[in-house]
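A.B. asks: The listed protein sequences derive, respectively, from chains H and Y.
Be aware that the first sequence starts at 743, since it is given in our numbering, and climbs by one per residue.
Be aware that the second sequence starts at 743, since it is given in our numbering, and climbs by one per residue.
Sharing a structure below in structure tokens format, with a few things to ask.
2 protein chains.
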Amino acid sequence: MQSMPDLSLYVITDRLLSRGRNHLEVAEKAIAGGATCIQLREKDATTRELFVIAEELRGLTREKGVFFIVNDRLDIALAVGADGVHLGQDDLPLPAARRLIPPEMILGVSAGDLQEARKAQSLGASYLGVGAVFMTGTKADAGEPIGLKTLFSICHGVSIPVVGIGGINAANARQVIEAGAAGVAVISCVVAAPEIASAAREIAGVVKQALASARQKGD
Amino acid sequence: MQSMPDLSLYVITDRLLSRGRNHLEVAEKAIAGGATCIQLREKDATTRELFVIAEELRGLTREKGVFFIVNDRLDIALAVGADGVHLGQDDLPLPAARRLIPPEMILGVSAGDLQEARKAQSLGASYLGVGAVFMTGTKADAGEPIGLKTLFSICHGVSIPVVGIGGINAANARQVIEAGAAGVAVISCVVAAPEIASAAREIAGVVKQALASARQKGD
Numbered sequence: 743m744q745s746m747p748d749l750s751l752y753v754i755t756d757r758l759l760s761r762g763r764n765h766l767e768v769a770e771k772a773i774a775g776g777a778t779c780i781q782l783r784e785k786d787a788t789t790r791e792l793f794v795i796a797e798e799l800r801g802l803t804r805e806k807g808v809f810f811i812v813n814d815r816l817d818i819a820l821a822v823g824a825d826g827v828h829l830g831q832d833d834l835p836l837p838a839a840r841r842l843i844p845p846e847m848i849l850g851v852s853a854g855d856l857q858e859a860r861k862a863q864s865l866g867a868s869y870l871g872v873g874a875v876f877m878t879g880t881k882a883d884a885g886e887p888i889g890l891k892t893l894f895s896i897c898h899g900v901s902i903p904v905v906g907i908g909g910i911n912a913a914n915a916r917q918v919i920e921a922g923a924a925g926v927a928v929i930s931c932v933v934a935a936p937e938i939a940s941a942a943r944e945i946a947g948v949v950k951q952a953l954a955s956a957r958q959k960g961d
Numbered sequence: 743m744q745s746m747p748d749l750s751l752y753v754i755t756d757r758l759l760s761r762g763r764n765h766l767e768v769a770e771k772a773i774a775g776g777a778t779c780i781q782l783r784e785k786d787a788t789t790r791e792l793f794v795i796a797e798e799l800r801g802l803t804r805e806k807g808v809f810f811i812v813n814d815r816l817d818i819a820l821a822v823g824a825d826g827v828h829l830g831q832d833d834l835p836l837p838a839a840r841r842l843i844p845p846e847m848i849l850g851v852s853a854g855d856l857q858e859a860r861k862a863q864s865l866g867a868s869y870l871g872v873g874a875v876f877m878t879g880t881k882a883d884a885g886e887p888i889g890l891k892t893l894f895s896i897c898h899g900v901s902i903p904v905v906g907i908g909g910i911n912a913a914n915a916r917q918v919i920e921a922g923a924a925g926v927a928v929i930s931c932v933v934a935a936p937e938i939a940s941a942a943r944e945i946a947g948v949v950k951q952a953l954a955s956a957r958q959k960g961d
């Protein structure tokens, strides 16, 4: 069976936002700053190129004890032995993917409202990426942000962990955790930062403290 | 275990060459004209779009008793239960792919010389796509054609079936079979033809006759 990863600081590598730094360099620095999970997202590469990048990230994350998730490409996730695959609306349909995913591999699914979230849970999602929580410049097609209220209703309407995504940074990460999220997924506020490790460290500190407070309240 | 498909007329669907006709329409007409195997090649689609197209082609080919192979994308091949996956130099490395391919699925591999062909065979290829045999306008990066002599040496230097590819049409298909190929892979001469079924029928007739002659000589 799968073990649920620490999703508290979930960094998505995006080469186009990384100021010329490659996936491996971004991931190394993000992990040095406290990332607990790395997702490889790359839409502009051949399968062979993607495999090579994913193998490097798999080596790094295994060495550092950090979870490694591949966006969209189940073939790549399977080929490199990633800990998980993350699927959105443009990716493999969940029932088809679920049949191919080995029991030890986690399945992340994007959801934008409670209905999508519950459906994904019923179809075997291990965790949800929920957003966009705030306004974001990263995804042009992300639409209106769902806001903290909808995030709260989703976090409390499903039994699997939720990671907030979209426009999250050190200034608003606490609110995301207070809404019930198990972690925050970040892209530009970490990978586009001049100092990736420092940017990750700052937000990791906020998330850690917010999770500790949430746990205390929960006791 | 896998059963080796009839690869004698192997039609690769290429949307960009198909004069506005979609993969399904091209495949239907090619099969009506005698295609024995359909390969889906599509580089410009989301995974979800590719899955939908592949499911349609899987339905059609199953109904018609024609083999169905997916280019590059093992995730799609697995998700729709294709008969095989075809891998080139830009796709998953063979050892990684071989581990993920179920025993009933065939693995096609591109090879351009005898060394590549033997290596692919030793790494578990079920058949080889060998070429470009002749000059072709379809693949800008295909380089100088290997010619019939090299094709002959490969066909007689491996123990798995070889399909010739690259610039093959009704006028030269006989030579490809006479060099020892089990079939011909065609793109533009079928999918770009005004009448796809007629074009397929013409080349299917040539291949059938050439294979019958080759078998007689072999007796």
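Beta carbons: idealized from backbone N, C-alpha and C, even for Gly.
1. Rounded C-beta distance between residue 912 of chain Y and residue 944 of chain Y? I'm assuming under 8 Å.
2. Check for me: the beta strand (DSSP E) holding residue 811 of chain H runs from which residue to which?
3. Consult DSSP for residue 755 of chain H and reduce its assignment to one of helix, strand or coil.
4. Find the residues of chain Y that neighbour residue 789 of chain H, judging by a C-beta separation of less than 7 Å, and give them in chain order.
5. Look up residue 781 of chain Y in the DSSP assignment and say whether it is helix, strand or coil.
6. Measuring only the C-alpha atoms, how far is residue 787 of chain Y from residue 770 of chain H?
7. Could you spell out the range, first to last residue, of the alpha helix (DSSP H) harbouring residue 859 of chain Y?
8. Quick one: any contact between the segment 920-934 of chain H and the segment 757-777 of chain H, if contact means 3 or more CB pairs under 8 Å?
9. Hey, how far is the Cα of residue 765 of chain Y from the Cα of residue 958 of chain Y?
10. If you run the structure through DSSP and keep just helix, strand and coil, what is residue 868 of chain Y?
11. Taking C-beta to C-beta, are residue 780 of chain H and residue 753 of chain H nearer than 9 Å?
12. Could you list which residues in chain Y have their beta carbon closer than 7 Å to that of residue 799 of chain H, in chain order?
13. Residues bridged to residue 828 of chain Y by DSSP?
14. In angstroms with no decimal places, state the Cα-to-Cα distance between residue 890 of chain Y and residue 802 of chain Y.
15. For residue 847 of chain Y, does the count of other Cβ atoms within 10 angstroms reach 16, so buried, or fall short, so exposed?
16. List the DSSP bridge partners of residue 954 of chain H.
17. Can you give the Cα-Cα distance for residue 941 of chain H and residue 775 of chain H, rounded to whole angstroms?
18. Is it buried or exposed for residue 747 of chain H, if we count other Cβ within 10 angstroms and need 16 for buried?
19. Below 7 Å CB to CB, which residues in the same chain sit around residue 821 of chain Y once its five sequence neighbours on both sides are set aside?
20. Could you tell me whether the segment 870-880 of chain Y touches the segment 902-918 of chain Y, using the rule of 3 or more Cβ pairs below 8 Å?
21. Is DSSP giving residue 875 of chain H helix, strand or coil here?
22. Which residues, taken in chain order from the segment 864-893 of chain Y, show a beta carbon closer than 9 Å to some beta carbon of chain H?
23. Check whether the Cβ of residue 820 of chain Y lies closer than 9 Å to any Cβ atom in chain H.
24. In three-state DSSP terms, what is residue 946 of chain H?
25. Could you check which residue in Y/807, Y/832 and Y/789 has the C-alpha nearest to that of residue 819 of chain Y?
26. Does residue 900 of chain H come out as helix, strand or coil in the three-state DSSP assignment?
27. Secondary structure at residue 960 of chain H, three-state DSSP: helix, strand or coil?
C.D. replies: Considering the structure as presented:
1. Working through the second sequence from its first residue, we reach residue 912 of chain Y at position 170. Working through the second sequence from its first residue, we reach residue 944 of chain Y at position 202. The Cβ separation is near 5 Å, so the contact holds.
2. Within the first sequence, numbered from 1, the residue matching residue 811 of chain H stands at position 69. Element bounds for residue 811 of chain H: 809-813.
3. Here residue 755 of chain H is taken as the residue at index 13 of the first sequence, counted from 1. Correct three-state label for residue 755 of chain H: strand.
4. Against the first sequence, residue 789 of chain H aligns to sequence position 47. Within chain Y, the residues near residue 789 of chain H are 814, 832, 833 and 834.
5. Counting from one through the second sequence, the residue named residue 781 of chain Y turns up at place 39. In the structure shown, residue 781 of chain Y sits in a strand (DSSP, three-state: E or B).
6. Position 45 of the second sequence, counting from 1, holds the residue named residue 787 of chain Y. Position 28 of the first sequence, counting from 1, holds the residue named residue 770 of chain H. Spanning the two alpha carbons is a distance of roughly 31 Å.
7. As a position in the second sequence, residue 859 of chain Y is number 117, starting the count at 1. Start and end: 856-864.
8. Segment contact: the segment 920-934 of chain H against the segment 757-777 of chain H, three or more CB-CB distances shorter than 8 Å; contact assigned.
9. In the second sequence, the residue the question calls residue 765 of chain Y occupies position 23. In the second sequence, the residue the question calls residue 958 of chain Y occupies position 216. A straight-line Cα-Cα distance of about 36 Å links residue 765 of chain Y and residue 958 of chain Y.
10. For the purposes of this step, residue 868 of chain Y is identified with residue 126 of the second sequence, where counting begins at 1. Coil.
11. Along the first sequence, one-based indexing puts residue 780 of chain H at 38. Along the first sequence, one-based indexing puts residue 753 of chain H at 11. Yes.
12. Taking the first residue of the first sequence as 1, we reach residue 799 of chain H at position 57. Ordered by position in chain Y, no residue passes the 7 Å Cβ test against residue 799 of chain H, which lies about 15 Å from the chain.
13. Looking up residue 828 of chain Y in the second sequence gives position 86. Its beta-bridge partners are Y/813 and Y/850.
14. For the purposes of this step, residue 890 of chain Y is identified with residue 148 of the second sequence, where counting begins at 1. For the purposes of this step, residue 802 of chain Y is identified with residue 60 of the second sequence, where counting begins at 1. Going from the Cα of residue 890 of chain Y to the Cα of residue 802 of chain Y covers about 34 Å.
15. Mapped onto the second sequence, residue 847 of chain Y falls at position 105. By the neighbour-count rule (16 or more Cβ atoms within 10 Å), residue 847 of chain Y is buried.
16. Along the first sequence, read from residue 1 onward, the residue named residue 954 of chain H stands at position 212. According to DSSP, which records beta bridges pairwise, residue 954 of chain H is partnered with nothing at all.
17. Looking up residue 941 of chain H in the first sequence gives position 199. Looking up residue 775 of chain H in the first sequence gives position 33. Residue 941 of chain H and residue 775 of chain H: Cα-Cα distance of roughly 7 Å.
18. Looking up residue 747 of chain H in the first sequence gives position 5. It is buried - the Cβ of residue 747 of chain H has at least 16 other Cβ atoms within 10 Å.
19. The residue labelled residue 821 of chain Y in the question sits at position 79 within the second sequence. Around residue 821 of chain Y: 793.
20. By the C-beta criterion, the segment 870-880 of chain Y is judged to be in contact with the segment 902-918 of chain Y, since at least 3 inter-stretch pairs fall below 8 Å.
21. Position 133 of the first sequence, counting from 1, holds the residue named residue 875 of chain H. Three-state result, residue 875 of chain H: coil.
22. Residues of the segment 864-893 of chain Y with a Cβ closer than 9 Å to any Cβ of chain H: none.
23. The sequence position of residue 820 of chain Y within the second sequence is 78, counting from 1. Cβ-Cβ to chain H under 9 Å: yes for residue 820 of chain Y.
24. Counted from its first residue, the first sequence places residue 946 of chain H at position 204. Three-state result, residue 946 of chain H: helix.
25. Numbered from its first residue, the second sequence carries residue 819 of chain Y at position 77. The shortest C-alpha separation from residue 819 of chain Y is found at Y/789.
26. Locating residue 900 of chain H in the first sequence gives position 158, counting from the first residue. Coil.
27. Counting from 1 along the first sequence, the entry for residue 960 of chain H is found at position 218. Three-state DSSP puts residue 960 of chain H in a helix.
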